[in-house]
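Peer 1:
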Amino acid sequence: MAAFSRELGIDLGTFNTQIAEGNQILIQEPTIVAIVKDEMKLVEYGTTALGMLGRVPDSIEVVRPLRNSVIAEYELTEKLLGILIRRVTGPTIFFRPRIIISVPYGITSVERRAVQEAGLGAGSRDVNWIPQPLAAAIGVDLPINTPTGNMIISAGGGTSQAAVISMSGIVSAETTHTAGLKLDDAICAYVRRKYGLIIAQPTAEALKIRIGAALPSDEEKTMEIQGQDQVSGLPKPASLTTNEIVEALQDPLSDIANTTKRVLEKTPPELISDIIDRGVALCGGTALLKGLDKYLTLTLGIPVYVVDNPVTCTVEGTAKAFDLLDVILRGQQG
Ligand SMILES: Nc1ncnc2c1ncn2[C@@H]1O[C@H](COP(=O)(O)OP(=O)(O)OP(=O)(O)O)[C@@H](O)[C@H]1O
Ligand SMILES: [Mg+2]
134 MAAFSRELGI
144 DLGTFNTQIA
154 EGNQILIQEP
164 TIVAIVKDEM
174 KLVEYGTTAL
184 GMLGRVPDSI
194 EVVRPLRNSV
204 IAEYELTEKL
214 LGILIRRVTG
224 PTIFFRPRII
234 ISVPYGITSV
244 ERRAVQEAGL
254 GAGSRDVNWI
264 PQPLAAAIGV
274 DLPINTPTGN
284 MIISAGGGTS
294 QAAVISMSGI
304 VSAETTHTAG
314 LKLDDAICAY
324 VRRKYGLIIA
334 QPTAEALKIR
344 IGAALPSDEE
354 KTMEIQGQDQ
364 VSGLPKPASL
374 TTNEIVEALQ
384 DPLSDIANTT
394 KRVLEKTPPE
404 LISDIIDRGV
414 ALCGGTALLK
424 GLDKYLTLTL
434 GIPVYVVDNP
444 VTCTVEGTAK
454 AFDLLDVILR
464 GQQG
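Mapping the sequence shown onto our numbering, position 283 (from 1) lands on 416, and the numbers just tick up by one.
1) From Thr447 to Gly366, what distance separates their C-alpha atoms?
2) Nearest by alpha-carbon distance to Gln151: which of Ile233, Val176, Asp191 and Met173 is it?
3) Per DSSP, Gln361 forms a beta bridge with which residues?
4) When you compare only the Cα positions, how much space is there between Gly434 and Arg395?
5) List the DSSP bridge partners of Glu403.
6) Check whether the Cβ of Gly142 sits closer than 6 Å to any heavy atom of ligand 2, and report yes or no.
7) In chain order, what residues of the same chain lie with their CB nearer than 7 Å to the CB of Ile332, ignoring the 5 residues before and after it?
8) To which residues of the same chain is Leu348 closer than 7 Å at the C-beta, ignoring the five residues directly before and after it?
9) If you drop the 5 nearest sequence neighbours on each side, which residues of the same chain put their C-beta closer than 7 Å to that of Gln249?
10) Taking Ser287 and Pro264 to be in contact with their CB atoms under 8 Å, please state how far apart those CB atoms are, rounded to whole angstroms.
11) Just mark Gly223 as buried or exposed, buried being the case when its beta carbon has 16 or more other beta carbons within 10 Å.
12) Is the distance from the Cβ of Gly146 to the Cβ of Glu211 below 7 Å?
13) Less than 8 Å between the CB atoms is what I'm expecting for Val437 and Val413, so what's the real figure, rounded?
14) Thinking just about the alpha-carbon of each residue, which of Leu275, Leu209 and Ser257 is nearest to the one in Lys76?
15) Would you kindly report the start and end of the unbroken alpha helix (DSSP H) that includes Asn376?
16) Given Ile277, which residues of its chain have a CB within under 6 Å of its CB, disregarding the five upstream and five downstream residues?
17) With 16 other CB atoms within 10 Å as the buried threshold, where does Asn201 fall?
18) Could you check the C-alpha separation between Ser387 and Leu316 for me, to the nearest Å?
19) Alpha carbon to alpha carbon, how far is Arg411 from Val195? Give it in angstroms, no decimals.
20) Would you mind working out which of Ile160, Arg229, Thr400 and Val166 sits nearest Arg139, comparing C-alpha positions?
21) Residues around ligand 2, please: the condition is that the C-beta lies closer than 5 Å to some non-hydrogen atom of it.
22) Can you tell me where the alpha helix (DSSP H) with Asp441 in it begins and where it stops?
23) Taking the straight line between their C-alpha atoms, what separation do you get for Leu213 and Ile344?
24) For Thr150, which beta-bridge partners are listed by DSSP?
25) Report the rounded CA-to-CA distance for Val203 versus Thr164, giving the unit in angstroms.
26) Candidates Ile160, Asp191, Pro190 and Ser192: which alpha carbon is nearest Thr180's?
27) What's the C-alpha gap between Pro280 and Glu398?
28) Report the start-end ranges of each beta strand (DSSP E) in the stretch 157–220 that is 3 residues or longer and not cut off at the edges.
29) Could you give the DSSP three-state label for Asp351: helix, strand or coil?
30) Just to confirm before moving on: does the CB-CB distance between Met356 and Leu382 stay below 7 Å?
31) Taking only the alpha-carbon atoms, compute the straight-line gap between Ala319 and Ala306 and give it to the nearest angstrom.
32) Please tell me whether, using a cut-off of 6 Å, the distance from the CB of Ser202 to the nearest non-hydrogen atom of ligand 1 is below it.
33) Drop a sphere of 10 angstroms on the beta-carbon of Arg463, count the other beta-carbons inside from all chains shown, and report buried for 16 or more, exposed for fewer.
34) What number of angstroms, rounded off, separates the C-alpha of Ile158 from the C-alpha of Ala296?
35) Does Gln294 come out as helix, strand or coil in the three-state DSSP assignment?
Next comes the structure, spelled out in structure tokens:
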């Protein structure tokens with residue numbers, strides 16, 4: 134029977150959930166559901182639910198079931214995972230898949246157990262977990278099984294994690310809740326302070342993605358937005374520039390840099406010299422922020438580069454991790 138069991142790698146993220154098998158990515162959906170409030174009945178999920186955000190009547194709620202990369206709404210997470218897994222396997226209950234799922238570095242055992250139970254409740258046969266930076270490093274083919282220092286920064290939507298890996302294990306690492314969503318919050322706060330305008334997270338995110346950057350730039354872009362005047366409550370437009378977004382993002386960006394610095398401080402010098410030679414791999418959706426690699430290179434004094442597959446490396450690593458299961462499980466004892 135076991136021979137027919139499929140092996141799925143899952144990256145359950147605050148913003149996006151992906152499922153891969155072997156070298157193929159089978160599912161990519163936003164981690165979001167729409168529910169009928171009173172019944173907790175799930176009516177839509179993924180891209181369709183995301184499109185409903187801020188556009189639904191009182192009876193319906195659009196919910197992100199993860200917060201800061203951990204499960205905040207257990208039942209909704211389990212339901213969403215169940216739907217996504219069945220999209221891969223079909224409705225059969227005979228050949229339940231085995232899964233490896235990535236979890237943030239430093240998560241509590243209670244939070245981790247919730248992920249494992251959600252995986253089982255969603256219909257899988259067994260659930261193993263892997264720290265997210267390790268999965269990402271496998272997904273970008275860093276030589277992590279050698280006695281050399283490999284550093285990766287995974288900057289997602291809910292958390293940023295910096296880790297040094299050697300001999301397939303984490304040597305030093307840290308997780309901060311400063312990631313994409315905190316960047317959006319910082320833009321909201323800036324627009325409110327400077328223009329007296331209230332804007333919602335999707336508008337802030339659009340500013341970040343379309344004209345935002347980590348460092349000041351000569352080629353300034355502008356973007357028109359509609360906000361709500363915080364005094365009159367009426368709609369009011371404003372025009373924002375790249376360098377304003379750069380200014381808005383400085384606090385959360387320095388938090389990501391400081392997290393990385395603390396990890397470097399905890400890393401043995403032999404491994405540091407490897408990291409200086411090879412550079413630091415940067416991945417996750419927030420790695421796409423213009424100039425973030427350059428900003429971190431300047432702030433840390435160590436070369437930082439964006440990997441070729443920043444958004445998919447974690448899920449690719451979880452699928453590849455089936456070949457390394459013994460090694461990964463060895464790192465989970467105690
Ligand atoms: N071009 C871009 N510039 C800046 N940020 C971006 C860009 N594209 C996506 N992002 C941000 O990336 C984040 C999502 O990244 P990702 O999919 O890696 O997160 P996640 O895996 O769901 O979250 P986490 O792993 O933190 O729980 C969002 O905050 C989004 O705004
Ligand atoms: Mg992620």
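Beta carbons are placed, not taken as given, at the ideal position from N, Cα and C, and that holds for glycine.
Peer 2: In short, the structure shows the following:
1) About 43 Å.
2) Out of Ile233, Val176, Asp191 and Met173, Ile233 has the C-alpha closest to the C-alpha of Gln151.
3) In the DSSP output, where bridge partners are listed per residue, Gln361 has Ile331 and Pro368.
4) One C-alpha to the other measures close to 14 Å.
5) Residue pairing of Glu403 in beta bridges, as defined by DSSP: absent, with no partner found.
6) Not under cutoff, so the answer is no.
7) Around Ile332: Cys321, Val324, Ile358 and Gly360.
8) Close CB contacts of Leu348 within its chain, under the 7 Å cut and outside five residues either way in sequence, are with Val379, Gly424, Lys427 and Tyr428 (chain order).
9) Excluding residues within five positions, the ones whose Cβ falls inside 7 Å are Val260 and Trp262.
10) Contact flag wrong, Cβ pair sits at about 10 Å.
11) It counts as exposed.
12) No, they are not a contact pair.
13) The C-beta distance from Val437 to Val413 rounds to 4 Å, short enough to fall under 8 Å.
14) Because the chain in this structure spans residues 134 to 467, residue 76 falls outside the shown range and cannot be described.
15) Per DSSP, Asn376 is one residue of the alpha helix (DSSP H) stretching across Thr375 to Glu398.
16) Within the same chain, Ile277 has close Cβ partners Ala270, Asn283, Ile298 and Ser301.
17) Classified as buried, Asn201 has 16 or more neighbouring CB atoms from the shown chains inside 10 Å of its CB.
18) If you draw a straight line from the Cα of Ser387 to the Cα of Leu316, it comes to about 11 Å.
19) Roughly 43 Å between the two C-alpha positions.
20) When each option's Cα is compared against that of Arg139, the closest is Arg229.
21) For ligand 2, the residues with a Cβ under 5 Å from any of its heavy atoms are, in chain order, Gly146 and Gly289.
22) Counting along the chain, Asp441 falls outside any alpha helix (DSSP H), and DSSP gives it neither H nor E.
23) Each residue's Cα considered, the two are about 33 Å apart.
24) The partner list for Thr150 (beta bridge, DSSP) reads Leu145 and Glu162.
25) Between Val203 and Thr164, the C-alpha separation is close to 12 Å.
26) Here the closest residue by C-alpha is Ile160.
27) The straight-line gap from Cα to Cα measures roughly 19 Å.
28) The stretch 157–220 contains these whole beta strand (DSSP E) runs: 157–163, 166–169, 174–178 and 193–196.
29) Coil at Asp351, not helix or strand.
30) No.
31) Rounded to whole angstroms, Ala319 to Ala306 spans 25 Å at the Cα level.
32) Yes; taking the cut-off as 6 Å, the Cβ of Ser202 has a heavy atom of ligand 1 nearer than that.
33) In summary, Arg463 is exposed, with fewer than 16 beta-carbon neighbours lying within 10 Å of its beta-carbon over all protein chains present.
34) Annotation: Ile158 to Ala296 spans about 25 Å, alpha carbon to alpha carbon.
35) In the three-state DSSP reduction, Gln294 falls in the strand class (E or B).
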